[in-house]
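The working numbering applies: residue 32 is where the sequence shown begins, and numbers increase by one.
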Amino acid sequence: MLASWTFPLAMGLVSLLVGLAFGTALSRTVARPLETTLAVLRDEGLRAVRGEPPAELELDDPALPSEFRELTQTVHDLVQLLSVRERELAQATDQALAAEQALRTVLDESAEAKMLVQRGIVEVANPAFATCVGRPLGLILRKPLEELLGAMDIASPEGEPLTPAELIERALENDVVVRCNAPEHGERWMEVRADTTAAPDAFVLSARDVTEQYRLEKLRSEIISLVSHDLRAPLTVLSGYVQMLERDTTEEQRSRIVASMRESTERMRSLVEDLLDSARAQQALAPSVVEPVDLVTLATNVAQATRVAFGRDVAVLARTQVEAAGDAKRLRQALDNLVVNAIKHTRPDAEIRIVIDRSGKMATLAVEDTGPGVPPEAREAVFDRFAQLGEESGGVGLGLYIVRTIAETHGGRAYVEDAPGGGARFVVELPLASKPRQTRSAQSAPDDSSSA
Numbered sequence: 032m033l034a035s036w037t038f039p040l041a042m043g044l045v046s047l048l049v050g051l052a053f054g055t056a057l058s059r060t061v062a063r064p065l066e067t068t069l070a071v072l073r074d075e076g077l078r079a080v081r082g083e084p085p086a087e088l089e090l091d092d093p094a095l096p097s098e099f100r101e102l103t104q105t106v107h108d109l110v111q112l113l114s115v116r117e118r119e120l121a122q123a124t125d126q127a128l129a130a131e132q133a134l135r136t137v138l139d140e141s142a143e144a145k146m147l148v149q150r151g152i153v154e155v156a157n158p159a160f161a162t163c164v165g166r167p168l169g170l171i172l173r174k175p176l177e178e179l180l181g182a183m184d185i186a187s188p189e190g191e192p193l194t195p196a197e198l199i200e201r202a203l204e205n206d207v208v209v210r211c212n213a214p215e216h217g218e219r220w221m222e223v224r225a226d227t228t229a230a231p232d233a234f235v236l237s238a239r240d241v242t243e244q245y246r247l248e249k250l251r252s253e254i255i256s257l258v259s260h261d262l263r264a265p266l267t268v269l270s271g272y273v274q275m276l277e278r279d280t281t282e283e284q285r286s287r288i289v290a291s292m293r294e295s296t297e298r299m300r301s302l303v304e305d306l307l308d309s310a311r312a313q314q315a316l317a318p319s320v321v322e323p324v325d326l327v328t329l330a331t332n333v334a335q336a337t338r339v340a341f342g343r344d345v346a347v348l349a350r351t352q353v354e355a356a357g358d359a360k361r362l363r364q365a366l367d368n369l370v371v372n373a374i375k376h377t378r379p380d381a382e383i384r385i386v387i388d389r390s391g392k393m394a395t396l397a398v399e400d401t402g403p404g405v406p407p408e409a410r411e412a413v414f415d416r417f418a419q420l421g422e423e424s425g426g427v428g429l430g431l432y433i434v435r436t437i438a439e440t441h442g443g444r445a446y447v448e449d450a451p452g453g454g455a456r457f458v459v460e461l462p463l464a465s466k467p468r469q470t471r472s473a474q475s476a477p478d479d480s481s482s483a
């Protein structure tokens, strides 16, 4: 009975041992290629993460099943393709960054103001636009365009005020020229253009400063008017006198005609000289030498020359002995122009006087008269080029412009105010001379200086 159950038990144990041995061998046979495959895939994955190219694929294990070989090869090919795409993306990114930097350089160096506006907000702007609106670039981005333009007092050439919305509407249709007046840079004329973009509710706004072009065009028109009127009149008079000389005239008549012709010729010479001076004002009227100039002596010389040339007495009042730093010839020209201006706008019996004084670190040279004076609203414009105080002023409106330019190129200023007791008081402020004058050779200028 014992033998009947011992044999089956022994066979069962043997079968169990054989099964365990076979299972262990089988698991080792399967696990080794699987571990190899996983190691290769892990290495490929890490290379892909680091952006490295895939390593050469080595599958020399003969025990590796074909399915594992195929899986490993597929993953290797995908990683290799990914590496190529990553390199292409890196190159494209570098190119895009270089293009963006080049575009930013072009925009930053451009004198034309440019900005990208989306849904009314300034997303991109260049330094020229920051200068245009008078704000730092950092305080412009992400700001409403209407807020930035609203403080610029925008108007059409005809003087019609324009809101930012109206400006953009016109600029989207055609280039438009507007006048902008901001405290940071004064009055400017800008040519504005707006272009739509592919993005919704977005446009590019460009603005170009055409102030100098506008002023040159205005100057051209004024010169044409000057030549056609102020220079044509003396020429017409001269032509008439020539015709009179061709007739039989007495000696006395010829003398009067020649004197009148000389007067007309002198008037044309004065007009042309003033015109040339104004055309090259900053260069021609700037001091060629800066030295102490005795203003009392200068005023006395001008008063004496005025008495001879115009038969008018000009008083000189020196409240202090003062020397200004400047060019005596140019200061003589400015003072001549102020005195001649006073003569033109006063009666023959009106009082004219030159007053010398000082105010702080500045010397003052003033010409006062008892004429009609200058209205407050015209006191700034009277110094503009071709400005006229009246229809019968007898000039082209360059005398006071030259005075202001001489004052400013000397580091001073010129202005007009009411004279004590009525009339006009034209004042030139000049820097005081830092050292006393050692010689008197340049205290007075030649008597043939240009007049207004």
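By construction, the Cβ of each residue, glycine as well, lies at the ideal position given by its N, Cα and C atoms.
Assignment of beta-bridge partners to residue 459 by DSSP yields 396, 445. A direct Cα-Cα distance of roughly 28 Å separates residue 116 from residue 229. Per DSSP, residue 321 is not a residue of any beta strand (DSSP E), being assigned neither H nor E. In terms of Cβ geometry, residue 164 and residue 179 form a close pair [threshold 8 Å]. Judged by beta-carbon spacing, residue 435 lies beyond the 8 Å limit of residue 450, meaning their Cβ atoms are not closer than that value. Judged by DSSP in its simplified three-state form, residue 183 adopts coil rather than helix or strand. Look at residue 465 here: in three-state DSSP terms it is coil, with no helix or strand label. Note on geometry: alpha-carbon atoms of residue 300 and residue 190 lie some 37 Å from one another. Cβ contact annotation for residue 354 (same chain, cutoff 8 Å, sequence separation greater than five): 323, 324, 325, 326, 394, 463, 464, 467, 468, in chain order. Note: residue 199 is not bridge-paired with any residue in the DSSP secondary-structure output. About 15 Å separates the beta carbons of residue 388 and residue 328, which is beyond the 8 Å limit, so they are not a contact pair.
Taking all protein chains shown into account, residue 104 has fewer than 16 neighbouring C-beta atoms within 10 Å of its C-beta and is therefore exposed. Here residue 330 really is in contact with residue 347; their C-beta atoms are around 5 Å apart, less than 8 Å.
In this structure, the alpha-carbon of residue 149 lies about 28 Å from that of residue 242.
Sequence-distant Cβ neighbours of residue 317 in its own chain, meaning closer than 6 Å and more than five residues away, are 440.
Per DSSP, the continuous beta strand (DSSP E) segment holding residue 224 begins and ends at 217-227.
Between the region 287-299 and the region 269-279 there are three or more C-beta pairs closer than 8 Å, enough to call the two in contact. With a threshold of 16 other beta carbon atoms within 10 Å, residue 373 meets it and is buried.
Bridge pairing for residue 236: 146, 225 [DSSP]. Beta bridge pairing from DSSP links residue 373 with no other residue.
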